[in-house]
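Undergrad: Once you've had a glance at the structure underneath, I'll fire off some questions.
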Amino acid sequence: LVAVAQACQKLLHEKDGLEGVLTQVAEALPERLRDTAYAAAFEVAAIDLEMRMEEVRVLQLIRRQLDLDTLTVAAIGRAAKARLRTLT
Numbered sequence: 008l009v010a011v012a013q014a015c016q017k018l019l020h021e022k023d024g025l026e027g028v029l030t031q032v033a034e035a036l037p038e039r040l041r042d043t044a045y046a047a048a049f050e051v052a053a054i055d056l057e058m059r060m061e062e063v064r065v066l067q068l069i070r071r072q073l074d075l076d077t078l079t080v081a082a083i084g085r086a087a088k089a090r091l092r093t094l095t
């Protein structure tokens, strides 16, 4: 796991940074799994029930790179929020 984290850190420090990493992800990921990848990223960002501006921006970048339509993105966001909602 440490080696993978170090490799990710190295990629993020290259010229294209996060956008370069997201481009590689989009190229490697089958189209049928792109909404699943975005859903996983959204779950991570929303787990604390607060969406910080940095998280919103990263989700925007992911959405753009994965070429997801607005309705899919809205449905994923709504479903995640419903799952994470509590009674108290």
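FYI, the numbering for the sequence shown is 8 to 95, going by this note's numbering.
Each residue gets a CB set at the ideal place from its N, CA and C atoms; glycine is no exception.
Take THR43 as the anchor and find which of ALA86, VAL9 and LEU56 has the nearest alpha-carbon.
TA: Numbered from its first residue, the sequence shown carries residue 43 at position 36. For THR43, the nearest C-alpha among the options comes from ALA86.
Undergrad: How would you write the range of the alpha helix (DSSP H) that GLU34 sits in, first residue to last?
TA: What you label residue 34 is simply residue 27 of the sequence shown in a count that begins at 1. Run containing GLU34: 24 to 35, per the alpha helix (DSSP H) assignment.
Undergrad: Our contact map puts VAL80 next to ARG90 with C-beta atoms below 8 Å; I'd like the distance itself, whole angstroms only.
TA: Looking up residue 80 in the sequence shown gives position 73. Looking up residue 90 in the sequence shown gives position 83. About 16 Å separates the two Cβ atoms, so there is no contact after all.
Undergrad: Helix, strand or coil, according to DSSP, for ILE69 in the structure here?
TA: Taking the first residue of the sequence shown as 1, we reach residue 69 at position 62. ILE69: helix per DSSP, three-state reduction.
Undergrad: Would you call the CB atoms of LEU18 and VAL28 closer than 7 Å?
TA: For the purposes of this step, residue 18 is taken as the residue at position 11 of the sequence shown. For the purposes of this step, residue 28 is taken as the residue at position 21 of the sequence shown. Yes, the pair counts as a contact, with Cβ atoms nearer than the cut-off.
Undergrad: Tell me whether LEU18 sits in a helix, a strand or coil according to DSSP, three-state version.
TA: The count along the sequence shown starts at 1 and reaches residue 18 at position 11. In this structure, LEU18 counts as helix in the three-state DSSP scheme.
Undergrad: For ARG90, which three-state DSSP category applies?
TA: For the purposes of this step, residue 90 is taken as residue 83 along the sequence shown, with counting starting at 1. If DSSP states are grouped into helix, strand and coil, ARG90 belongs with the helices.
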